[in-house]
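Colleague:
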């Protein structure tokens with residue numbers, strides 16, 4: 011995945027727009043609105059898009075392999091709104 015962004019010079023504005031589109035798509039396909047799920051989902055999106063932004067810059071020298079963090083969902087009981 012790292013090579014997909016090399017040399018693309020992604021801007022912060024483009025990164026934020028991509029996050030917005032992913033969150034809209036999550037709503038459209040009916041992903042859970044549970045706050046814990048959404049926090050984990052957004053954390054993953056933010057992590058990935060910030061790496062893509064950094065690795066897309068002309069002077070970037072990304073590492074070739076790195077561990078992917080694990081996000082949890084369901085650690086706490088689902089939120090039940092009033």
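Residue numbers (our numbering): 11 to 92. For glycine and all other residues, C-beta sits at the position ideal for the given N, C-alpha and C.
(1) Determine the burial state of residue 93: buried for a count of at least 16 other Cβ atoms within 10 Å of its Cβ, exposed for fewer.
(2) Taking the straight line between their C-alpha atoms, what separation do you get for residue 24 and residue 30?
(3) Within its chain, find whatever has a CB closer than 8 angstroms to the CB of residue 17; leave out the 5 residues flanking it on each side and keep chain order.
(4) Between the Cα of residue 14 and the Cα atoms of 80, 78 and 74, which residue gives the shortest distance?
(5) Given a threshold of 16 other Cβ atoms within 10 Å of its Cβ, counted over all protein chains shown, does residue 62 qualify as buried or as exposed?
(6) Since residue 57 and residue 79 are thought to touch, with beta carbons under 8 angstroms apart, how far apart are those beta carbons, to the nearest angstrom?
(7) When you compare the CB positions of residue 51 and residue 35, do they come within less than 8 angstroms of one another, or not?
Modeller: Let me spell this out:
(1) The structure shown does not extend to residue 93, since the chain is modelled only from 11 through 92, so no value can be given for it.
(2) 10 angstroms
(3) 66 and 68
(4) 74
(5) buried
(6) 7 angstroms
(7) no
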